[in-house]
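Engineer: Going line by line, the protein sequences match chains P and E.
Residues are numbered in the working numbering as their position in the first sequence, beginning at 1, plus a constant of 8.
Residues are numbered in the working numbering as their position in the second sequence, beginning at 1, plus a constant of 8.
Using N, Cα and C, we set each Cβ at its ideal position, and we do this for glycine too.
My questions all concern the structure below.
Number of protein chains: 2
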Amino acid sequence: MKRFLTILALALAVCSCGQNKPAPETANVEPSKEDFVTAPNAQTGKEYPKVNSERRVRVRVNATDAQSVKLDIGGATYDLHRDAEGYWIGDSAPQDEGFHYYQIIIDGAYVPDPSSLYYYGVSRWSSGIDVPAHDQDFYQLKDVPQGEVREIYYWSPTNNAMRHCYVYLPAEYDKNPNKRYPVLYLQHGGGESEHGWPQQGKTAQIMDNLLAEGKCVPFIIVMDNGSWRIERPQEPNPRGQQAPARRQGGGMNLPDDWYQGFANTLIQDIIPMIDARFRTIPDNAHRAMAGLSMGGMETKEIGLKYPEVFSSLGIFSGGEITPEEAAASKNFKANNKLVFVSYGSRELENGNRDPKATAEQMKAAGYNAHAYISPDTAHEWQSWRRALYNFAQLLFK
Amino acid sequence: MKRFLTILALALAVCSCGQNKPAPETANVEPSKEDFVTAPNAQTGKEYPKVNSERRVRVRVNATDAQSVKLDIGGATYDLHRDAEGYWIGDSAPQDEGFHYYQIIIDGAYVPDPSSLYYYGVSRWSSGIDVPAHDQDFYQLKDVPQGEVREIYYWSPTNNAMRHCYVYLPAEYDKNPNKRYPVLYLQHGGGESEHGWPQQGKTAQIMDNLLAEGKCVPFIIVMDNGSWRIERPQEPNPRGQQAPARRQGGGMNLPDDWYQGFANTLIQDIIPMIDARFRTIPDNAHRAMAGLSMGGMETKEIGLKYPEVFSSLGIFSGGEITPEEAAASKNFKANNKLVFVSYGSRELENGNRDPKATAEQMKAAGYNAHAYISPDTAHEWQSWRRALYNFAQLLFK
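This is the structure we're talking about:
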């Protein structure tokens, strides 16, 4: 308690320099454990952002003339205070394991942390930080055979525009010039983009590590943009409209023509381009679709409507497929090989049904159904990294 | 004049709301021509940053409680003022054609513009904006056969670490499984990284367009990180030390072991990895090195020292090679096939020698020497895009 009061007094003293403000909120919480280390998301040569063993995030910002600087992370804001050198510094409450978007608020301006790397989410390029996870080994960059992420621009007749995607190819792809591969079409969430899976999703690291351990078969992963209308700027920006709904978790209702618009782009433009460009096995038995949140909802809608295109489906934090829905889709049962549904455990406290019960019903109805619950995570990337890790091990076997 | 006074009065009236500040500088310049359009560097769905036909940059920032917001671009800062909706808005002076890093200063905090895309330069991820150029056609994304930029992680024994690079492959590469290709190793400048050439450098667009017009032969381009010590964090961060010198233009003196350190990484690790991974022609006649600023200095040093590795050299805003320097390098004349030197025209007013005179001397000494001056540009990316465009047309012919 004495140490706490000393820190409180110090914080008040530091903050009184040149300001007329109440003590910051952070002085009112128990002191953080002082074992902070620089996060992997710090820019080269930068010391902050940091994270400690309690999974608290600490940021430090140079804002000489500011009256108020805050950290916005995990749905809460934290007042920063001035340190002895005049920098604004402060800690968050403990965060879930894994990746979190965050930003800094300087006198009312929401800006990226100038010290961090940037990731696209919440409809903006945002700061991000990786909180160490007990299972982080599966997505670490390791000295194993490395696949490639290829950046590709292509003409989309459906959208009358150039589009942009990333394609992951396993390390063996260029070494087996006569071998053909299955393909997974992997979608991001609302307010995100094709950058999500290759960057914060750690797709290449997850796949390279799985392949090095012999835990999955090699396949191609296409990461394209599921917010199809952004290529058609004459229409309202759907990401701006959808972003708030996304934060509510599962409450999002996308219009029918959203799904059909992306389905048209995917089936008429993206799949033919990929099948022409890469050595794919171009049949539905070797074609899967998966996605997170909005991407999971797209996977469900498109997967139920076009079972002759996709035989395997992964729905991460984006709903589930019931036996009744499966039965209502003509040709679904004849074509489907895998239905995988996942959620973060914290999402189940939030109105989402535990997918394990539905998976059991699906199995009883004759489907190869799987459910996965990510422990102690919410509607966030750690849930989806784990979902991909588990889904990939079931695919194309 | 009456219109100018009206705007000045309006600016003063807007700025007096809730503030006690002198009129912003921007009220003292002639009003900008009101033909601003959203720049290609705005984030999806964002209206700003904008640029007008005078090549002025306009930014608009939401910073409700700020006392001072400025735009920092092209070595100058510009005060923003509040508009009718309370956003901070303002214009820069006319900029050179092409790409410019910029940032926003909010009450003393240097931060990226939350509306822009981000680019690595000046030792940080920074806002960037493309000012329209009379010759921009050569780096526009077009519906021509598209090459690929591949992202690759690899183990570097020299650095005892995983490293990261980008590799451009021409569109025909995967269509000609028995054809082998020359390779250009293309380096960024001080305070930049391997992200520079694929992003603000527009390497893929420049090459795809050149190839579509039959103006160059197809070759592979490797874009790796020339700040080799960043992979060795136990040593001082060399980028932090070099960045200020870079701004002075040509005044940078890198220590000998910097060059040797990167030369070791390049020759012992990067080239063997590329030759093993891609269908290269692995001899010096089909291997080139080029770079901008610090990367040009690396090209000069390494190119003179290892003529049996690189036969063709491109030095963009990073010095030149004189007949005396060439003669002092054993085996240089026997191996060298091309020396290309370029500057932006504004750099020549800044203490750099016009490379055309040296090119003439080199030609007289029997070298295939070329000099290029980018019109009306400085030590900036438009000079280097144009340099690559011209250099590529001379390479491997």
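1. Short of 7 Å Cβ to Cβ, which residues in the segment 139-158 of chain E face chain P?
2. For SER76(P), decide whether its Cβ has a neighbour in chain B, counting only Cβ atoms nearer than 8 Å.
3. Measuring only the C-alpha atoms, how far is GLY258(E) from SER319(E)?
4. Runs of 4 residues minimum, wholly inside the segment 351-383 of chain E: which ones carry the alpha helix (DSSP H) assignment?
5. Hey, does GLN51(P) have any beta-carbon neighbour from chain E nearer than 8 Å?
6. Taking its Cβ as the centre, do 16 or more other Cβ atoms sit within 10 Å of ASN339(P), making it buried, or is it exposed?
7. With DSSP as the reference, please indicate the residues paired to TYR397(P) in a beta bridge.
8. Would you mind telling me which residues of chain P sit closer than 7 Å to PRO185(E), beta carbon to beta carbon, in chain order?
9. If the cut is a Cβ gap below 8 Å, which residues of chain P does TYR118(E) touch?
10. Starting from ASP138(P), trace the alpha helix (DSSP H) both ways and give me its first and last residue.
11. In terms of DSSP beta bridges, what is ILE275(P) paired with?
12. Can you tell me which of the three DSSP states PHE324(P) falls into?
13. Quick one: using the 10 Å Cβ neighbour count with 16 as the cut-off for buried, is LYS210(P) buried or exposed?
14. I'd like to know whether the C-beta atoms of GLY106(E) and VAL65(E) end up nearer to each other than 8 Å.
15. First and last residue of the beta strand (DSSP E) that includes THR85(E)?
16. Do you know how far the Cα of ILE279(P) is from the Cα of ALA179(E)?
17. Does the pairing of the segment 112-126 of chain P with the segment 38-58 of chain P give three or more beta-carbon distances under 8 Å?
18. For a cutoff of 8 Å on Cβ pairs, would you count ILE160(P) as touching chain E?
19. Taking the alpha-carbon positions, what's the SER235(E) to GLY304(P) distance?
20. Could you please give me the residues that DSSP links to CYS224(E) through a beta bridge?
21. Using the three-state DSSP reduction, which class does THR288(P) fall into: helix, strand or coil?
22. Going by DSSP in three states, THR307(E) sits in which element: helix, strand or coil?
23. Closest to LYS308(E) by C-alpha separation, out of ILE289(E), GLU328(E) and GLN276(E), would be which residue?
24. Distance cutoff 8 Å, beta carbons only. Does MET297(P) sit that close to anything in chain E?
25. Tell me whether the segment 380-387 of chain P and the segment 348-357 of chain P touch, counting them as touching only if at least three CB pairs, one residue from each stretch, are closer than 8 Å.
26. Which residues mark the beginning and the end of the alpha helix (DSSP H) in which GLU156(E) is found?
27. Which whole-angstrom value is the C-beta distance of PHE146(P) and ILE229(P), which I expect to be below 8 Å?
28. To the nearest angstrom, how far is the alpha carbon of ASP104(P) from that of GLY82(P)?
29. State the DSSP-derived secondary structure class of ILE329(P), mapped to helix, strand or coil.
30. Look up LYS210(P) in the DSSP assignment and say whether it is helix, strand or coil.
31. Return the CA-CA distance between ASN398(P) and LEU218(P), expressed in angstroms with no decimal places.
32. Grab me the residues of GLN195(P)'s own chain with a C-beta within less than 6 Å of its C-beta, minus the 5 sequence neighbours each way, in chain order.
33. Check this for me: beta carbons of THR288(P) and VAL191(P), under 8 Å apart or not?
34. Does the beta carbon of TYR351(E) come closer than 8 Å to any beta carbon on chain P?
35. For GLN207(P), count neighbouring Cβ atoms within 10 angstroms of its own Cβ and tell me buried if that reaches 16, exposed if not.
36. So for ASP43(E), helix, strand or coil by DSSP?
Structural biologist: Based on what the coordinates show:
1. LEU149, ASP151, GLN154, GLU156, VAL157 and ARG158
2. Looking for chain B here will not work: the only protein chains present are P and E.
3. Because the pLDDT of GLY258(E) is 35, which lies under 50, any placement of that residue in the model is unreliable, and the number read from its coordinates should be weighed accordingly. The alpha-carbon atoms of GLY258(E) and SER319(E) are separated by roughly 25 Å.
4. Every alpha helix (DSSP H) stretch that sits fully inside the segment 351-383 of chain E and reaches 4 residues is listed by chain position as 363-372.
5. Answer yes: the Cβ-Cβ gap between GLN51(P) and chain E drops below 8 Å somewhere.
6. ASN339(P) is exposed by the Cβ-count criterion.
7. Answer is none; TYR397(P) lacks a bridge partner.
8. PRO185
9. ASN70 and PRO122
10. ASP138(P) -> not in any alpha helix (DSSP H); beta strand (DSSP E) instead, spanning 132-139.
11. Note: ILE275(P) sits in no beta bridge, so no partner.
12. strand
13. buried
14. No, the Cβ-Cβ distance between GLY106(E) and VAL65(E) is not below 8 Å.
15. 84-87
16. Pairing ALA179(E) with ILE279(P), the inter-Cα distance amounts to about 18 Å.
17. Yes, they touch.
18. Taking CB atoms only, ILE160(P) has a neighbour in chain E less than 8 Å away.
19. Straight-line Cα distance between these residues: approximately 41 Å.
20. CYS224(E) is not bridged to any residue.
21. strand
22. helix
23. When each option's Cα is compared against that of LYS308(E), the closest is GLU328(E).
24. no
25. yes
26. No alpha helix (DSSP H) contains GLU156(E), which is instead part of the beta strand (DSSP E) from 156-164.
27. 16 Å between Cβ atoms; not a contact.
28. Distance between the alpha carbons of ASP104(P) and GLY82(P) is about 9 Å.
29. coil
30. coil
31. Straight-line Cα distance between these residues: approximately 10 Å.
32. GLY234, GLY299, GLY303 and GLU306
33. yes
34. no
35. Buried: at least 16 other Cβ atoms inside 10 Å.
36. Of the three classes helix, strand and coil, the one that applies to ASP43(E) here is coil, per DSSP.
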